[in-house]
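Using the working numbering, the first residue of the sequence shown is number 2, and each one after it goes up by one. Using N, Cα and C, we set each Cβ at its ideal position, and we do this for glycine too. Everything numeric in this text was worked out from a predicted model, so none of it was measured.
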Amino acid sequence: MHDSQAETVFRKSEARAMFETREGERLLETDPAAMPRDGHVVFIGRIASPWTSRATCPKNMRAARKMGQAAVLTIDPAYREGLAGLDRASHVIILSWFDQAPRNLIVQKPRHAAEPKGVFSLRSPARPNPVGLHVAKLVALDIEAGRLDLDAIDVLDGTPVIDIKPYFASTDAFAEAVIAGRDE
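Structure, rendered in structure tokens:
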């Protein structure tokens, strides 16, 4: 191991040590950080959606809601305890992994745009790390079954989930946010 690699390992272990275990907390049997290098991303569940092809899948959550098709997110058993307290949320932020998207595009030419754009200025699933961001209404929650019923979703059936967070309108919404040249 080189000195720089050793320093990186030390910094990571030092950062993890800052998050001490508190009373009532539980640790996973296997630390995802100790798993083989894969970006250190762990799939915690999958989404069951009505969309089985890119041609039929809505391009965003607004389009998904217009189609009126519900979805179900199922959390793997090892992560279900993490759902405790989520029943207080009306909406959730879901981070998904677009496992079928290409990862080698850095500049794309969207159908709706006159000029090519860098992937970081787009919401396209094709990107170096194909992470999707979705805000969905939490219709029902069954913690024991690891089941979250959602009002809608804009992903293909079977899409992996990497995280769930409660949506807080007071901190997550910015009415003044704009993209120059867009009406939305």
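Contact check, Val120 vs Arg112, beta carbons under 8 Å: Arg112 sits away from Val120, with the two beta carbons spaced by 8 Å or more.
Pair within 8 Å by beta-carbon distance, Leu139 and Leu149: Yes, these two residues count as a Cβ contact at 8 Å.
Opening and closing residue of the beta strand (DSSP E) in which Arg148 lies: 148-151
Residues that DSSP places opposite Asp143 in a beta bridge: Arg148
Chain-order list of residues whose beta-carbon lies under 7 Å from that of Ile95 (same chain, five-residue window excluded): Leu74, His135, Ala137, Val162, Ile165
Residues that DSSP places opposite Val136 in a beta bridge: Note: Val136 sits in a beta bridge opposite Ile94.
Where Gly69 falls: helix, strand or coil (DSSP): Residue state, collapsed to three classes: coil.
For Asp164, the first and last residue of its enclosing beta strand (DSSP E): 160-167
CA-to-CA distance, Ala141 to Ala178, given in whole angstroms: 30 Å
C-beta atoms of Arg47 and Gly159 nearer than 8 Å: yes
Assigned secondary structure, Arg47 (DSSP; H/G/I helix, E/B strand, else coil): strand
Secondary structure, beta strand (DSSP E): runs of 3+ residues fully inside the segment 94-130: none
Span of the alpha helix (DSSP H), counted from its first residue to its last, around Ser171: 170-173
Spatial distance of Asp173 from Thr57 (CA atoms): 29 Å
Residue nearest to Tyr168 in terms of C-alpha spacing, selected from Arg66, Ile144, Val93, Gln70: Val93
Residues that Ala76 bridges to, as DSSP identifies them: According to the sequence displayed, residue 76 carries Ile and not Ala. Partner(s): Gly46.
Exposure label - Val108; buried when at least 16 CB within 10 Å: When all chains shown are included, Val108 counts as exposed.
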